[in-house]
Amino acid sequence: MNTGKLSLFLLLAASLILAGAGCGKDGSGPGAGSSGSGARGSEQGAQGPGFGAGSAGQTPMGFSLSPKSFQAGDFQEFFAKADESGADIITWAGDWAELGKENSAPFVVTELAPQNGFTPILLLQFFEQKNGEVIRPLDAETKAIYKALALDYVEKYHPDYIGLGLESNIFYEKSPREFENFASFYNELYAGIKEVSPRTKVFTVFQLEKMKGLHGGLFGGTNDASKAEWFLMDKFSTDLAVFTTYPSIIYGDPSAIPADYYTELRKHTSKMIAFVEIGWPSDSLIPGFESDEAEQVAFVKGFFTLSRDTDTGPEFLIWSFLYDQDVQVPFNSAGLIKRDGNPKEAYDVWTKEAKQG
Numbered sequence: 001m002n003t004g005k006l007s008l009f010l011l012l013a014a015s016l017i018l019a020g021a022g023c024g025k026d027g028s029g030p031g032a033g034s035s036g037s038g039a040r041g042s043e044q045g046a047q048g049p050g051f052g053a054g055s056a057g058q059t060p061m062g063f064s065l066s067p068k069s070f071q072a073g074d075f076q077e078f079f080a081k082a083d084e085s086g087a088d089i090i091t092w093a094g095d096w097a098e099l100g101k102e103n104s105a106p107f108v109v110t111e112l113a114p115q116n117g118f119t120p121i122l123l124l125q126f127f128e129q130k131n132g133e134v135i136r137p138l139d140a141e142t143k144a145i146y147k148a149l150a151l152d153y154v155e156k157y158h159p160d161y162i163g164l165g166l167e168s169n170i171f172y173e174k175s176p177r178e179f180e181n182f183a184s185f186y187n188e189l190y191a192g193i194k195e196v197s198p199r200t201k202v203f204t205v206f207q208l209e210k211m212k213g214l215h216g217g218l219f220g221g222t223n224d225a226s227k228a229e230w231f232l233m234d235k236f237s238t239d240l241a242v243f244t245t246y247p248s249i250i251y252g253d254p255s256a257i258p259a260d261y262y263t264e265l266r267k268h269t270s271k272m273i274a275f276v277e278i279g280w281p282s283d284s285l286i287p288g289f290e291s292d293e294a295e296q297v298a299f300v301k302g303f304f305t306l307s308r309d310t311d312t313g314p315e316f317l318i319w320s321f322l323y324d325q326d327v328q329v330p331f332n333s334a335g336l337i338k339r340d341g342n343p344k345e346a347y348d349v350w351t352k353e354a355k356q357g
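Heads up, the sequence shown is in the working numbering, so the first residue is 1 and it goes up one at a time.
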């Protein structure tokens, strides 16, 4: 292990243990975390319709910041495994206000990840996915703070990407009026970011299953395409169409996922597509939604097939967790490595695909 990576591990551990990392969420899925000079495929993303980032095997891939624990040794292991897996990108998702804390997790990731071959992507959150409640009132004062923090960050680092809001359509379902407030604020901030860093690609994130009107399965409702939320995409100025996807919430087996499940996105946007959270559990005993490692493998293989043509692929793909996390069932087994450090069968499948680039 080189000294550069060792310093990254130790600084990350020290910072995140003290500051607390934004690494878990309770929305549809489990996730809620400068230029990436060393990442494979970082010069892709040419303009074009649909997915269009490159041919299969050339799409940058990665993980959310998801170590086994926040101990220094486990951070070291996380980044070593991410490197071993061929990862290009590490995402950090958490409270927007973390940008106001010196040496907090997003800054440590932003400053040190590129030195070690990873492109960092921040996903700044303003509400709790589990209940749709804002972390703090989205009033004029809060918006001014959020705007200043984001603009200061972008002006300093000129990142390749930045996400403003995670699973924003869930916020719409909980509070349509406040959603309009956020959309207006987002668009104002988008324009501001483009003034200070024109090359930075800005987006908000949508939860794909909900966008499709799929409210059945583990959501507990009914699937109804007439309640699809695609219209929400038109409310935001974005450079990419970015999603989280957890089809195991709806389908009990990967083979049940429709063949056009992901390519259908082209009907609703001509922008580049990316996924900041992808997941399928490897150990679930929920009746009708049982899963095991073989199912997780089947989903990973199927995802690559369903989300790509022969000539095009997503701009980037992020699997939610490298290591299993202490989150709600069934997402607690969505990692590609068990908490005891043993890789699952799907780890090799994902790694093989990542290294083809």
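From the three backbone atoms N, C-alpha and C, an ideal C-beta is built for every residue, glycine too.
- Counting along the chain, the unbroken alpha helix (DSSP H) around Trp350 starts and ends at Glu345 to Lys355.
- In this structure, Ser284 keeps its C-beta atom at 8 Å or more from the C-beta atom of Glu277.
- Leu124 is positioned such that its CB atom lies closer than 8 Å to that of Gly163.
- Contact between the region 197-216 and the region 244-254 is present: 3 or more CB-CB pairs across the two stretches fall below 8 Å.
- Between the alpha carbons of Phe275 and Ala140 lies a distance of about 31 Å.
- Excluding its 5 nearest sequence neighbours in each direction, Asn181 has C-beta neighbours in its own chain below 6 Å: Leu138, listed in chain order.
- Assignment of Tyr157 by DSSP, reduced to helix, strand and coil, places it in the helix class.
- As far as DSSP is concerned, Phe219 takes part in no beta bridge.
- Of the residues Ala105, Lys147 and Trp280, the one whose Cα lies closest to the Cα of Asn332 is Trp280.
- The C-alpha of Asp260 lies about 7 Å from the C-alpha of Leu306.
- Excluding residues up to 5 positions away in sequence, Ala183, Tyr186, Asn187 and Thr204 lie with their Cβ nearer than 7 Å to the Cβ of Phe236 in the same chain.
- Shown here, Asp152 sits in a helix according to DSSP, grouped into three states.
- Short of 6 Å from the beta carbon of Leu218, and not among the five residues preceding or following it, lie these beta carbons of its own chain, in chain order: Ile249.
- By the C-beta density criterion, Ala241 is buried, having at least 16 other C-beta atoms within 10 angstroms.
- In this structure, Gly221 sits away from Lys147, with a CB-CB distance that is not shorter than 8 Å.
- For the pair Thr91 and Ile121, the CB atoms are nearer than the 8 Å cut-off.
- Annotation: the continuous alpha helix (DSSP H) that includes Ile193 extends over Pro176 to Val196.
- In the structure shown, Leu99 adopts helical secondary structure according to DSSP, grouped into three states.
- Counting only residues of its own chain and dropping the five nearest sequence neighbours on each side, Glu155 has a CB closer than 8 Å to the CB of Val196 and Ser197.
- Taking 8 Å as the cut-off, the beta carbon of Phe63 is found closer than this to the beta carbon of Phe321.
- Following the DSSP letters along the chain, one finds Val109 inside the alpha helix (DSSP H) bounded by residues Ala105 to Leu112.
- With fewer than 16 other CB atoms across the displayed protein chains lying within 10 angstroms of its CB, Asn131 is exposed.
- Looking at the backbone, the Cα of Tyr157 and that of Lys301 are separated by about 35 Å.
- Closest in C-alpha terms to Glu98, from the list Thr200, Ile145 and Ala87, comes Ile145.
- Boundaries of the beta strand (DSSP E) harbouring Gly62: Met61 to Ser64, taken from the DSSP string.
- When secondary structure is reduced to three states using DSSP, Ser284 falls in the strand class.
- Boundaries around Glu77 are those of the alpha helix (DSSP H), Ala72 to Glu84, since no beta strand (DSSP E) includes it.
- When the Cα atoms are used, Phe304 and Ser270 turn out to be separated by approximately 20 Å.
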